[in-house]
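The next block holds one structure in the form of structure tokens; read it before the comments.
Numbering (the numbering used here), first residue to last: 4 to 301.
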């Protein structure tokens, strides 16, 4: 009887063990990294339901977190303050993700995420998807500008933005007036530092941190209507004649100040252009998701 018990006991355990092993192997094969979404100016976490659905339909079981911070008008808080706030909300998710996480960062959120990636030495972000984000800065007479600063147009906003008070407003932290380059370089507390356009004692360390990402995916398109020039979403920007200079001719690329050229050389810089998408629809457009994001979220 002892033998029988022993046998049936072991087969009972095996009966439990094999399905469990199978489930573990299955999870290991199709286990998707957690996705963290950071919203943009005047958004809130509720605006990303479609994007969450696209991710869950294509990669079932993915843990998707839309960080619910600095919503709506609070998104005007200074960029470094937002970086610290988002960082403390995101860090525990990273620590619980042994295989790393992915970032999808929309509009202004793309610049918040760059601040996090530059200043967080032990981040484990694999794909950083920058979704229609003014990565090289913003300079345009948009509806946002008219709403926020009714008394200003793009040509005179520098009078406000490049002051100590202006730098307490998020949009001024990346307002990049090509006609007042020196003022921008000397006044921008955020973008000029991230881009090492003014001497930054942390630039070597920030570059090392940023280059821990495995893929940088830059998404944008000519019909955006808000990001100005739209090529800023791909690190292109105006010269002083308001002619767009593409990323690979930009000083920050040529000097590889924070790693763009290195990423390109590694084959880890992906540019995705989609026509016909207005700014507010990037995160709800299924074609954009399947074309530009899906394959980097594994």
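The beta carbon of each residue, even a glycine, is placed where N, CA and C say it ideally should be. Predicted model, so just to flag it, every value in this text is computed and none were measured.
- With three or more CB-CB distances shorter than 8 Å, the stretch 229-243 counts as touching the stretch 128-140.
- At the C-beta level, residue 142 and residue 232 come within 9 Å of one another.
- Restricting attention to alpha helix (DSSP H) runs no shorter than 4 residues, the stretch 231-299 encloses them at 254-257, 263-269, ordered along the chain.
- Secondary structure at residue 109: strand, using DSSP grouped into helix, strand and coil.
- For residue 173, the closest C-alpha among the options 158, 185, 180, 192 is that of 192.
- At a Cβ-Cβ threshold of 9 Å, residue 282 and residue 247 do not count as neighbours.
- For the alpha helix (DSSP H) assignment, the uninterrupted runs of no fewer than 4 residues enclosed by the stretch 42-129 are, from N- to C-terminal side, 52-61, 82-98, 111-122.
- Counting the other CB atoms within 10 Å of its CB gives residue 139 a total of 16 or more, which places it among the buried residues.
- Relative to the Cα of residue 298, the nearest Cα in the group 220, 262, 181 belongs to 220.
- In this chain, the alpha helix (DSSP H) harbouring residue 210 covers 206-213.
- Secondary-structure assignment with DSSP links residue 38 through a beta bridge to 67, 105.
- DSSP links residue 141 through a beta bridge to 178.
- One thing to note: residue 129 has its Cβ no nearer than 9 Å to the Cβ of residue 120.
- DSSP places residue 219 in the uninterrupted beta strand (DSSP E) bounded by 218-223.
- In the DSSP annotation of this structure, the continuous segment of the alpha helix (DSSP H) that includes residue 185 starts and ends at 184-190.
- Taking a cut-off of 8 Å on C-beta distances, the stretch 68-80 touches the stretch 164-184, as three or more cross pairs fall below it.
- Per the Cβ contact rule, the stretch 175-182 is in contact with the stretch 191-208 (3 or more Cβ pairs under 8 Å).
- Ranking 255, 60, 249, 289 by CA distance to the CA of residue 274 puts 249 first.
- Minimum Cα-Cα distance from residue 70 among the listed residues 216, 92, 279 corresponds to 92.
- When Cβ pairs closer than 8 Å are counted between the two stretches, the stretch 84-102 is seen not to touch the stretch 46-60, the count staying below three.
- In the three-state DSSP reduction, residue 134 falls in the strand class (E or B).
- Straight across, the Cα-Cα distance linking residue 300 with residue 148 is about 33 Å.
- By the CB criterion at 9 Å, residue 203 and residue 124 fall outside the cutoff.
- Residue environment for residue 156: exposed (fewer than 16 other C-beta atoms within 10 angstroms of its C-beta).
- Counted as a single uninterrupted DSSP element, the alpha helix (DSSP H) harbouring residue 146 occupies residues 146-151.
- The beta carbon of residue 44 is closer than 8 Å to those of 78, 79, 110, 111, 147, 173, 174 in its chain, skipping five residues each way along the sequence.
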